[in-house]
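Below: one structure, written as structure tokens.
There are 2 protein chains.
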Amino acid sequence: MVLSYAILAALINQPCSGYDLVKRFNKSVDCFWSASHQQIYKALAKLEADQHLSSEKIEQLNRPTKKNYTVTDSGRQLLQRWIGEIEAISPIKSDLLIKLSVGHTVPTDTLIQTLQGYYSQHKEKLKSYQSIAKQYAQALELSRESQFQYLSLRAGIRQQLAWIAWCEEAMGFLGQPVAIRE
Amino acid sequence: MVLSYAILAALINQPCSGYDLVKRFNKSVDCFWSASHQQIYKALAKLEADQHLSSEKIEQLNRPTKKNYTVTDSGRQLLQRWIGEIEAISPIKSDLLIKLSVGHTVPTDTLIQTLQGYYSQHKEKLKSYQSIAKQYAQALELSRESQFQYLSLRAGIRQQLAWIAWCEEAMGFLGQPVAIRE
DNA sequence: TAACCCATGTAACCTGTTACATGATTAA
DNA sequence: TTAATCATGTAACAGGTTACATGGGTTA
Numbered sequence: 001m002v003l004s005y006a007i008l009a010a011l012i013n014q015p016c017s018g019y020d021l022v023k024r025f026n027k028s029v030d031c032f033w034s035a036s037h038q039q040i041y042k043a044l045a046k047l048e049a050d051q052h053l054s055s056e057k058i059e060q061l062n063r064p065t066k067k068n069y070t071v072t073d074s075g076r077q078l079l080q081r082w083i084g085e086i087e088a089i090s091p092i093k094s095d096l097l098i099k100l101s102v103g104h105t106v107p108t109d110t111l112i113q114t115l116q117g118y119y120s121q122h123k124e125k126l127k128s129y130q131s132i133a134k135q136y137a138q139a140l141e142l143s144r145e146s147q148f149q150y151l152s153l154r155a156g157i158r159q160q161l162a163w164i165a166w167c168e169e170a171m172g173f174l175g176q177p178v179a180i181r182e
Numbered sequence: 001m002v003l004s005y006a007i008l009a010a011l012i013n014q015p016c017s018g019y020d021l022v023k024r025f026n027k028s029v030d031c032f033w034s035a036s037h038q039q040i041y042k043a044l045a046k047l048e049a050d051q052h053l054s055s056e057k058i059e060q061l062n063r064p065t066k067k068n069y070t071v072t073d074s075g076r077q078l079l080q081r082w083i084g085e086i087e088a089i090s091p092i093k094s095d096l097l098i099k100l101s102v103g104h105t106v107p108t109d110t111l112i113q114t115l116q117g118y119y120s121q122h123k124e125k126l127k128s129y130q131s132i133a134k135q136y137a138q139a140l141e142l143s144r145e146s147q148f149q150y151l152s153l154r155a156g157i158r159q160q161l162a163w164i165a166w167c168e169e170a171m172g173f174l175g176q177p178v179a180i181r182e
């Protein structure tokens with residue numbers, strides 16, 4: 001369900017083919033959702049059948065023909081209505097937190113290595129977000145559209161920073177018992 | 001898959017029935033995963049069939065008989081191996097960020113109301129986490145087991161704080177254009 | 001010549017959600 | 001007497017993952 005809205009949001013900014021959408025989704029920040037190509041093609045077909053998207057075949061030299069999707073008025077309205085809805089925030093689902101919560105059942109070294117693995121992934125992700133943020137920051141003037149994208153990106157950065165700070169706290173605790181703060 | 005590990009983690013600290021597990025999962029911080037009772041009963045049956053759990057029927061006065069589940073050696077080993085594994089961190093999936101990223105397509109008032117709705121939910125969740133944290137902080141001495149649970153809880157608090165700070169940033173932006181920071 | 005990119009799909013399977021089902025006990 | 005709690009499940013469906021399929025063009 002949310003995937004359909006994520007697709008509408010991506011295409012409303014920039015119409016493109018299914019193949020290109022997949023790439024944009026996997027660049028991971030163009031959009032704040034993720035999906036496999038199988039899912040995306042299926043959702044595109046459904047959205048078109050429901051008249052929320054229209055497609056145009058584009059023939060190319062030396063390349064397969066592709067379908068370019070554009071959001072229809074109906075699709076735009078659907079998206080706009082959805083933006084106004086307030087859903088319940090989804091509960092945390094973190095395998096790392098499950099692991100840590102029963103950390104006393106494994107050797108400390110195991111735990112430190114696992115933590116380190118997650119830690120470096122969050123640092124990587126932060127780096128990639130920050131490099132995109134830099135591109136926004138370097139622009140002299142941002143369109144309102146770009147400002148909103150930048151704002152969403154800022155949330156991603158804050159999330160990664162929170163994880164990184166917590167990993168450091170956890171590693172401090174594993175190194176030596178740490179005072180309880182509130 | 002992760003659900004099974006979440007169940008093992010919960011039961012290794014405190015054996016209980018499926019019904020009680022559901023309640024613990026929904027208290028939302030005892031565990032950092034969530035699931036419906038249908039899912040949990042099914043996963044419990046599978047874990048028992050695979051010999052990772054053993055159950056004991058407990059007859060009660062004026063109440064239905066319940067099954068008490070305990071983690072077996074095999075279950076404990078399975079959990080311990082899993083704790084040592086480093087999975088890829090899961091990509092952000094946030095409907096709020098999708099909404100914000102195309103914020104230019106709706107009136108600012110709509111956006112502010114939506115943001116406000118998510119904002120207050122995050123504040124609520126933070127409050128509930130903090131009240132649990134207080135219980136840990138008030139204890140004179142925490143077992144190593146409790147210290148690990150407290151540590152996981154700290155991550156939840158940090159996540160909520162990050163969301164809250166970002167919501168405030170976003171509302172500031174919607175009030176008046178805000179300077180771009182890095 | 002092997003592997004990868006372009007471009008779009010189908011099919012089987014697993015996970016998760018919603019609805020339905022039962023039946024006794026207890027609190028408002 | 002209506003609703004909620006205790007306690008455990010089945011069944012249908014939606015969402016998501018993995019594997020399989022095709023076929024020309026480009027890079028190593």
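In order, the protein sequences belong to chains A and B.
According to UniProt numbering, the residues represented by the first sequence are 1 to 182, in order.
According to UniProt numbering, the residues represented by the second sequence are 1 to 182, in order.
Heads up, the beta-carbon is just placed ideally off N, CA and C, and yes, glycines get one too.
Please read all numbers here as calculations on a predicted model, not as lab measurements.
{"Check": "Going along chain B in order, which residues have a C-beta closer than 7 Å to the C-beta of P15 (chain A)?", "Outcome": "Within chain B, no residue comes near P15 (chain A); the closest Cβ sits about 14 Å away, beyond 7 Å."}
{"Check": "Under a three-way DSSP split, which group does I108 (chain A) fall into?", "Outcome": "Per the sequence presented here, residue 108 (chain A) reads as Thr, with Ile not at that position. It is helical."}
{"Check": "Out of A:L11, A:A88 and A:V102, which one is the CA nearest neighbour of H52 (chain A)?", "Outcome": "A:L11"}
{"Check": "Determine the burial state of S4 (chain B): buried for a count of at least 16 other Cβ atoms within 10 Å of its Cβ, exposed for fewer.", "Outcome": "buried"}
{"Check": "Any idea if I58 (chain A) is buried or exposed, counting beta-carbon neighbours within 10 angstroms, 16 or more meaning buried?", "Outcome": "exposed"}
{"Check": "Would you say Y69 (chain A) faces chain B, with C-beta separation under 8 Å as the test?", "Outcome": "no"}
{"Check": "DSSP three-state call for E48 (chain B): helix, strand or coil?", "Outcome": "helix"}
{"Check": "By the three-class DSSP mapping on this structure, what secondary structure does Q14 (chain A) have?", "Outcome": "coil"}
{"Check": "Distance, Cα to Cα, S17 (chain A) vs L8 (chain A)?", "Outcome": "12 Å"}
{"Check": "Using only CA atoms, which one of B:Q77, B:R81, B:D73 and B:Y41 lies nearest to K67 (chain B)?", "Outcome": "B:Y41"}
{"Check": "Does the beta carbon of G103 (chain A) sit closer than 8 Å to a beta carbon anywhere in chain B?", "Outcome": "yes"}
{"Check": "Taking DSSP as the reference, what is the three-state secondary structure of P177 (chain B)?", "Outcome": "Here the model assigns P177 (chain B) a pLDDT of 48, short of 50, so the residue's position is not dependable, and the following value carries that caveat. It is coil, neither helix nor strand."}
{"Check": "Which of the three DSSP states is assigned to T65 (chain B) in this structure?", "Outcome": "strand"}
{"Check": "Beta strand (DSSP E) containing L53 (chain A): first to last residue?", "Outcome": "L53 to Q60"}
{"Check": "Do you know offhand how far A6 (chain A)'s Cα is from R76 (chain A)'s?", "Outcome": "12 Å"}
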